Amino acid sequence: MSAFVALDRVSHAYGGAAGTGTLAVAELTLGIEEGEFAAVVGPSGCGKSTLMKLATGLQFPFAGVVRVAGEPVRRPVKIAGMAFQAPTLLPWRTTLANLLLPLEIVEPHRHAIRRKKAEYVARAEALLASVGLGGQGSKYPWELSGGMQQRTSLCRALIHEPALLMLDEPFAALDAFTREELWCVIRDLHAARRITVILVTHDLREAVFLADRVFVMSARPGRIVVERPIAFARPRDLDITFTAEFQAIVHELREHIVRARQ
Amino acid sequence: MNPSDLAVRMAPWLYTVVLFAIWEAAVRVFAVPAFFLPPPSTIARAIYDYWPAIWRNSLFTLWATVIGFALAVGFGLLLGLLVGWSRSIYAGLYPLMIGFNAIPKVAVVPILVLWYGIGFVPAVLTAFLISFFPIVVNVATGLATIEPELEDVLKALGASKLDIMRKVGIPRTLPYFFGSLKVAITLAFVGSVISESIASNYGIGNLMQQAYAQFQVPLIFAGLIALAVEGIVMYWAMAALERHMTGWAQRSGFAQT
Chain H
1 MSAFVALDRV SHAYGGAAGT GTLAVAELTL GIEEGEFAAV VGPSGCGKST LMKLATGLQF
61 PFAGVVRVAG EPVRRPVKIA GMAFQAPTLL PWRTTLANLL LPLEIVEPHR HAIRRKKAEY
121 VARAEALLAS VGLGGQGSKY PWELSGGMQQ RTSLCRALIH EPALLMLDEP FAALDAFTRE
181 ELWCVIRDLH AARRITVILV THDLREAVFL ADRVFVMSAR PGRIVVERPI AFARPRDLDI
241 TFTAEFQAIV HELREHIVRA RQ
Chain W
263 MNPSDLAVRM APWLYTVVLF AIWEAAVRVF AVPAFFLPPP STIARAIYDY WPAIWRNSLF
323 TLWATVIGFA LAVGFGLLLG LLVGWSRSIY AGLYPLMIGF NAIPKVAVVP ILVLWYGIGF
383 VPAVLTAFLI SFFPIVVNVA TGLATIEPEL EDVLKALGAS KLDIMRKVGI PRTLPYFFGS
443 LKVAITLAFV GSVISESIAS NYGIGNLMQQ AYAQFQVPLI FAGLIALAVE GIVMYWAMAA
503 LERHMTGWAQ RSGFAQT
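Protein sequences, first through last, are from chains H and W.
In terms of the numbering used here, the first sequence opens at residue 1 and continues consecutively.
In terms of the numbering used here, the second sequence opens at residue 263 and continues consecutively.
Set out below in structure tokens:
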């Protein structure tokens, strides 16, 4: 039984084939189980974002195999939702219309959206309510705060009920309090949907608080140097981030990254 | 309406009146001869005296300009989408377009006359040739600046290039497109008047050439005023269209204080 997201000795380079371009990741091996919350941390430029592109089928490695849900990835996987540091909402659409965008693209929804518009709108509104944005659907993105925009971006990543959620430093641009609020939003979404999440982050506290396992990547070309299970029971409360045990794990991971940078 | 809103509304008229007043005063104080720089009062008199000719020729110029501009909008939009669609088309066409744009259009008019004879058609085509470039550049820029993350979000869902174009590219290009229309419409006037000056029996350009030949300096200036008014009216129409179509892109309060 292979993992839900499995990378097997994967190497990828930008700007040319093997040997000519700069290696972004080399011999990267990683397995993430279905329903697991995985966090990937590492020094800047270690190929974390490349990992996301490989796992979603936006890029293809020159060596090794990427499998998602048992299938080798040869095209965009379509079962993934993505959110980034920038919310990248469309300013000419209302919040609700922004949420419906993936449904206008992805099969089978794109052929049903005219017919089942009311149903989809109801789904989008329910999703907004679940992240604390109930009744905000008619607002335009610029009328929302940064944190609210990022919640909307998360909803957009989830509206088509993906099996896999890819988060690339989604909270990096937010202030500390908003960030912790959104940790809890993500924690609850993961708990409610049993969705597989891969979170790429610089923030070790964020990784330890949210993840079942934290993967530490080496400096470029990236590969996994440490795999650290996080055993805190779920549901986790923000208070655990202040416990000595939590701090110890953060320190331990920090040591690994300091070593990886050298 | 509060007083400051009123001040903003009246400002264009006030500034115009002040400009003409200074002009009038300067000409009188320094006793500038009317054949060198006529005062606004003399120009106004010329507009009154030659009103039928100015009106007829203004309409002619306006027609040539608007038709040339409409061609430029259609062609510029298509070419801009094409150039923005693929990097190789961009790489191939861009130098050609820059080269073409660098050619003074006044040098193209004789060729157009050779092909189509003097009159309306060269004026339309010159207006078209001079005004399509900013539209192409702006549309292509709008497409080229799509956020890569957003593209990733959609591609991961299996979006085709056409999907991304329809859902993101074209809507986000519209502010650039409508912004470019304001530049293009004023350029179109330049094009049609150049052509009329060289090779036409009608239009404000031709009227000014005739006035020049007869040394009727106030009438030359009357032609310039007529062009300025037409330019302002069309610019204003484009600005209104822009506000109407892409209000979402104009939420900054920066210029409103």
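Backbone N, C-alpha and C fix where the C-beta goes; we use that ideal spot for every residue, glycine too.
Only a predicted model underlies this, so the values are computations on that prediction, with no experimental measurement involved.
- Per DSSP, P229/H is one residue of the beta strand (DSSP E) stretching across 224–229.
- Short of 8 Å from the beta carbon of T388/W, and not among the five residues preceding or following it, lie these beta carbons of its own chain, in chain order: G330, K367, V370, V371, L374, G453, S454, I456, S457.
- A direct Cα-to-Cα measurement between G64/H and E411/W gives close to 25 Å.
- The beta carbons of T95/H and L103/H sit no closer together than 9 Å.
- Closest in alpha carbon position to E107/H, among L343/W, A421/W, A308/W, is A421/W.
- Interface residue (Cβ-Cβ distance to chain W less than 9 Å): M82/H is classified as such.
- Counting every other CB atom within 10 Å of its CB across the protein chains shown gives V294/W a total below 16, marking it as exposed.
- For T178/H, the enclosing alpha helix (DSSP H) begins and ends at 176–193.
- Put simply, the CB of I198/H is far from chain W, with every gap to its CB atoms at 9 Å or more.
- At a cut-off of 9 Å between beta-carbon atoms, K48/H makes no contact with chain W.
- Per DSSP, F37/H is one residue of the beta strand (DSSP E) stretching across 37–41.
- At least 9 Å separates the beta-carbon of A3/H from that of H12/H.
- Residues of chain H with a Cβ closer than 8 Å to the Cβ of K367/W do not exist; the shortest Cβ-Cβ separation is about 35 Å.
- DSSP lists I224/H as the beta-bridge partner residues of M217/H.
- Contact note: A86/H reaches chain W through E409, E411, using a C-beta cutoff of 8 Å and chain order.
- L101, P102, E104, I105, V106, E107: these are the residues of the stretch 101–117 of chain H whose beta carbon lies less than 8 Å from some beta carbon of chain W, given in chain order.
- At least one beta carbon of chain W lies nearer than 9 Å to the beta carbon of M166/H.
- Apart from the 5 residues on each side of it in sequence, L238/H sits with its Cβ closer than 8 Å to the Cβ of E180, W183, C184, F209 in its chain, given in chain order.
- Per the C-alpha coordinates, the member of R194/H, G146/H, S218/H, I198/H positioned closest to A173/H is G146/H.
- In chain order, L103, E104 place their CB closer than 8 Å to the CB of R110/H, counting only its own chain and leaving out the 5 sequence neighbours on each side.
- According to the DSSP secondary-structure assignment, R67/H is paired through a beta bridge with A6/H, P72/H.
- By the Cβ rule, the stretch 456–472 of chain W counts as touching the stretch 384–403 of chain W, because three or more pairs are nearer than 8 Å.
- Around P61/H, the same chain offers V10, S11, H12, L54 as residues with beta carbons nearer than 7 Å, after the five sequence neighbours per side are excluded.
- A straight line joining the alpha-carbon of M52/H with that of F215/H spans about 13 Å.
- According to the DSSP assignment, T22/H belongs to the beta strand (DSSP E) that extends over 22–32.
- Residue pairing for T196/H: DSSP places it in a beta bridge opposite L164/H.
- About 5 Å separates the CB atoms of V250/H and L204/H; that is less than 8 Å, so the two are in contact.
- The stretch 149–164 of chain H makes contact with the stretch 193–207 of chain H: 3 or more CB pairs, one atom from each, lie closer than 8 Å.
- Going by C-alpha positions, A260/H is about 39 Å away from P141/H.
- Taking S442/W as the centre and dropping the five residues before and after it, the same chain places the C-beta of P396, I397, N400 closer than 7 Å to its C-beta, in chain order.
- Non-local C-beta neighbours of V77/H in its own chain, meaning closer than 6 Å and more than five positions away in sequence, comprise T56, G57, V68, ordered along the chain.
- In the three-state scheme derived from DSSP, where H, G and I count as helix and E and B as strand, Y474/W is classed as helix.
- The continuous stretches of alpha helix (DSSP H) do not include A293/W, and DSSP gives it neither H nor E.
- DSSP lists L167/H as the beta-bridge partner residues of A83/H.
- When 8 Å is used as the limit between beta carbons, A353/W is near no residue of chain H, the shortest such separation being about 17 Å.
- With a threshold of 9 Å between beta carbons, L419/W makes contact with chain H.
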